[in-house]
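Enquirer:
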Amino acid sequence: MSIFRKIDKVLGAFGNIKALERTHVDTFTENLITNISGVKIAESKDGQLFAEFQELAGFDFLESTILSRENIKTFKGAKLSFIGANNELILDSDITEIESDYSNVSNRWMTKVSYVVTKDDIKFITEKKANFILFEHKKKSIKLYVIK
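Number 83 in our numbering belongs to position 82 of the sequence shown; there are no gaps in the numbering.
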C-alpha cells in the first residue's frame, strides 16, 4: 500500500470527503459492468458496445451499453450511426438526458442508451451489414468496429 493511500485512509477517518471518495471501492457499478445484458457487437481501443433488442407496448427498442474510458454526459441526446460500405443507419437516442456511471475498480464508464428501431433496422443490425459504428454526443464521437 502506498504512502498516499495510507494518508487518504487517515484523512477519511477524520471525515475528509475527497479522501473518502479516493479510497471508496465502487463494487455496485463494477458488478453491473461484469453482468451486462446483451451481446457485444462492436469494440475498439476507445470502448465496447453491447446491444439487445426489446419490445415494449408494440415498439421495438435497441438497448445499448457502452463501456469506455470517457465520461458521457449530455442533455441533447446521442446518435448511433451504423456505417457500411454501401449503406448506413442513423439512430437518435430515445431520451435526451444521458449520463455515465463510473467504476473506480476498472477505471471505466458505463453508459446505457435506448433507441427506437423498426424491424428493418433490427435486420440491418443483426445481419452486421455495417463495418463500424459511431456513437456521437455533443461534439465528441467514439468509433467502434463491428465484430463479424
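C-beta: ideal position from N, C-alpha, C; glycine also.
(1) For K129 and I67, I'd like the C-alpha separation in whole angstroms.
(2) When burial is assigned at 16 or more other CB atoms within 10 Å of the CB, is R1 buried or exposed?
(3) Can you grab the Cα-Cα spacing for the pair I123 / S107, in whole Å?
(4) If the criterion is Cβ atoms closer than 8 Å, does the pair F62 and F54 meet it?
(5) Report, in whole angstroms, the separation of the C-beta atoms of A43 and V147, which I expect to be a contact under 8 Å.
(6) Would you kindly check if the distance between the Cβ of I134 and the Cβ of F83 is under 8 Å?
(7) Measuring straight from C-alpha to C-alpha, what distance separates Q49 and N88?
(8) Expressed to the nearest angstrom, what Euclidean distance is found between the alpha-carbon atoms of S69 and E56?
(9) Quick one: complete alpha helix (DSSP H) runs, 4+ long, within the region 69-130?
(10) Please list the segments of the beta strand (DSSP E) lying wholly inside the region 36-62, counting only runs of 3 or more residues, in order along the chain.
(11) Roughly how many angstroms separate the alpha carbons of A1 and I96, rounded to a whole number?
(12) Let me check understanding here. Comparing Cα to Cα, which of K140, Y103, K139, L90 lies closest to D121?
(13) The beta strand (DSSP E) that contains I148, what's its start and end?
(14) Would you report the Cα separation of F125 and S104, rounded to the nearest angstrom?
(15) What does DSSP give as the partner residue(s) for I134 in the beta ladder?
Expert: Per the coordinate set shown:
(1) Rounded to the nearest angstrom, the gap between the Cα atoms of K129 and I67 is 18 Å.
(2) In this structure the chain extends from 2 to 149, so residue 1 is not present and cannot be described.
(3) Straight-line Cα distance between these residues: approximately 32 Å.
(4) For F62 and F54, yes; Cβs fall inside 8 Å.
(5) Sure, about 5 Å apart at Cβ, within 8 Å.
(6) Against a cut-off of 8 Å, the Cβ pair of I134 and F83 comes out as a contact.
(7) Between Q49 and N88, the C-alpha separation is close to 22 Å.
(8) Per the coordinates, the alpha-carbon of S69 lies some 27 Å from the alpha-carbon of E56.
(9) For the region 69-130, whole alpha helix (DSSP H) runs of length 4 or above, ordered along the chain, are 120-127.
(10) As far as the region 36-62 is concerned, its whole beta strand (DSSP E) runs of at least 3 residues are 40-45, 48-57.
(11) Residue 1 lies beyond the stretch modelled for the chain, which goes from 2 to 149, so this question has no answer here.
(12) Among K140, Y103, K139, L90, the Cα nearest to that of D121 belongs to L90.
(13) DSSP places I148 in no beta strand (DSSP E); its state is neither H nor E.
(14) Roughly 33 Å between the two C-alpha positions.
(15) According to DSSP, I134 bridges with F83, L145.
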